[in-house]
Amino acid sequence: MFVNLTMIGVGNLMEIIWPIISRVVGGDDVADRVIGVTADEADIARKEAVFGFPLVLNDNHAALRDNHPDLIMFSPPPTVAPDLIDSVLRPYYEERRTEGGPLPVLYAFPPVPLGQTYLDALGDDVLVVNMIPNNVTSIAGRPVVDEGHYTVTYAAPWPTERVAELQNLFAGQGEYVEVESHQIVPMLGGLCVINSLWYALPIVADRLELDHNDVGEYLRARVRDLTGFAPAQSTPIRGEDLRDHADYLTAMARAWHDGIARYYTETDLAPDTARTFVHRHLDLTLHTAQVEPREVLEDLSVGAATKGGVLERAMRCAREDLLPALADDVDWNQITDLVTASAHTVKEHGLTLAG
């Protein structure tokens, strides 16, 4: 059971998942046991009100030494993570090792670097996991229940009880999926191109002179026809009649489904794992588009994208390649090919970040 938590890099992702993990690490004394570090001075007051615990500006060392955590959540941008591993985490773990006693467990949220980099820097006795959480925890103000998935990869085997702690902490995040370290970036290639629907769908709706929520619902229904996946506790599909555009939207749903499914066959993901990503992530993305206003979809796509990161690269693929091809005289085989190619492009970009 974790008691003290230090968050390094309190940004958008930590704000999204805090309602989930606060069930376990929160409480009346949360301000005494949890501390976070942010680089955003202008937003500290708002964030402290949201989280309910103190934040410090850029002082990672103080946040670690003052709190003496047994859990560290490490969530800086991937581009600065290697420097912080060396300049912040390495000396802190050396201090804790000298003190004696258990070392803090490390949850690393940047997709890169991978876990072995942490072990090489910090020592093989550190428990470290790379995590890609479900970044949708509520839809239209209602908590998400058993939708989507969260993904983990361990650089070395973990004790069973530590895995159980992680699963308890992230209960409600959907299906727990474990992959090999080298599969994290390829996985993200497909997921980010699915997420690009948050950006592309409202634009397509405008072209068709339709409400974007109706388009989201229709696409979700057509994807469900392909996958058979229907979460029990979710917004129902009313069966909106969009017959004038049924052929176009049915083909669009199939192009995204088939393009991502094909992409995952071209990676070394196990078929069951790939199926989980395609079925659950497409449904969750389109569920969001079914009920949320445009500004929320923009926040989830453009607003949530780390500068230079994989999600930003997926939005660029949608803007420069997919949306132009979705205009007049659409060749749906070409769209399917472009969806697959976009996922590969995002993957290759992610691998450059990995070094």
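Per our numbering, residue 0 is the first one in the sequence shown, and the count goes up by one each step. By construction, the Cβ of each residue, glycine as well, lies at the ideal position given by its N, Cα and C atoms.
Taking Phe-52 as reference, the option from Asp-69, Asp-42, His-67 and Asp-28 with the minimal CA-CA separation is Asp-28. Taken through DSSP and simplified to helix, strand or coil, Leu-209 comes out as coil. Cβ contact annotation for Met-13 (same chain, cutoff 6 Å, sequence separation greater than five): Met-6 and Ser-74, in chain order. By the criterion of a C-beta distance shorter than 7 Å, Ala-61 is surrounded in its chain by Val-55, once the five residues flanking it on both sides are discounted. Straight across, the Cα-Cα distance linking Gly-8 with Asn-66 is about 16 Å. Arg-141 counts as exposed, since fewer than 16 other C-beta atoms from the protein chains shown sit within 10 angstroms of its C-beta.
The three-state secondary structure of Phe-169, taken from DSSP, is coil. With contacts defined as CB atoms closer than 8 Å, Leu-126 and Leu-88 fail to qualify as a contacting pair. In the structure shown, the three-state DSSP call for Asn-134 is coil. Beyond the five residues adjoining it in sequence on each side, Ile-84 comes within less than 6 Å, by CB distance, of Ala-120 in the same chain, given in chain order. If you draw a straight line from the Cα of Ala-154 to the Cα of Thr-351, it comes to about 20 Å. As the crow flies, the alpha-carbon of Glu-98 is around 25 Å from that of Glu-164. Ranked by how close their Cα comes to the Cα of Asp-271, the residues Ile-131, Arg-253, Tyr-247 and Tyr-175 have Tyr-175 in first place.
As a beta-bridge residue in DSSP terms, Met-72 pairs with Met-6 and Tyr-106. Between the alpha carbons of Leu-200 and Asn-212 lies a gap of roughly 9 Å.
Thr-234 sits in coil when the DSSP states are folded into three classes, being neither helix nor strand. Going by beta carbons, Leu-196 and Gly-349 fall outside the 8 Å limit.
No residue range can be given for Val-87, since it is assigned to no alpha helix (DSSP H) and is classified by DSSP as neither H nor E. Out of His-244, Asn-133, Leu-209 and Val-295, the CA that lies nearest to the CA of Val-144 is found in Asn-133. Straight-line spacing of the CA atoms in Met-314 and Ser-86 works out to 33 Å.
With respect to Thr-335, Val-290 sits apart: the two C-beta atoms are not nearer than 8 Å.
Under a 10 Å Cβ-count criterion, Asn-57 is classified as exposed, with fewer than 16 other Cβ atoms of the shown protein chains found around its own Cβ.
Per DSSP, the unbroken beta strand (DSSP E) holding Gly-35 starts and ends at 33 to 37.
Spanning the alpha carbons of Leu-322 and Glu-177 requires a straight line of approximately 33 Å. Comparing alpha carbon positions, the residue from Val-104, Val-277 and Phe-228 closest to Thr-264 is Val-277.
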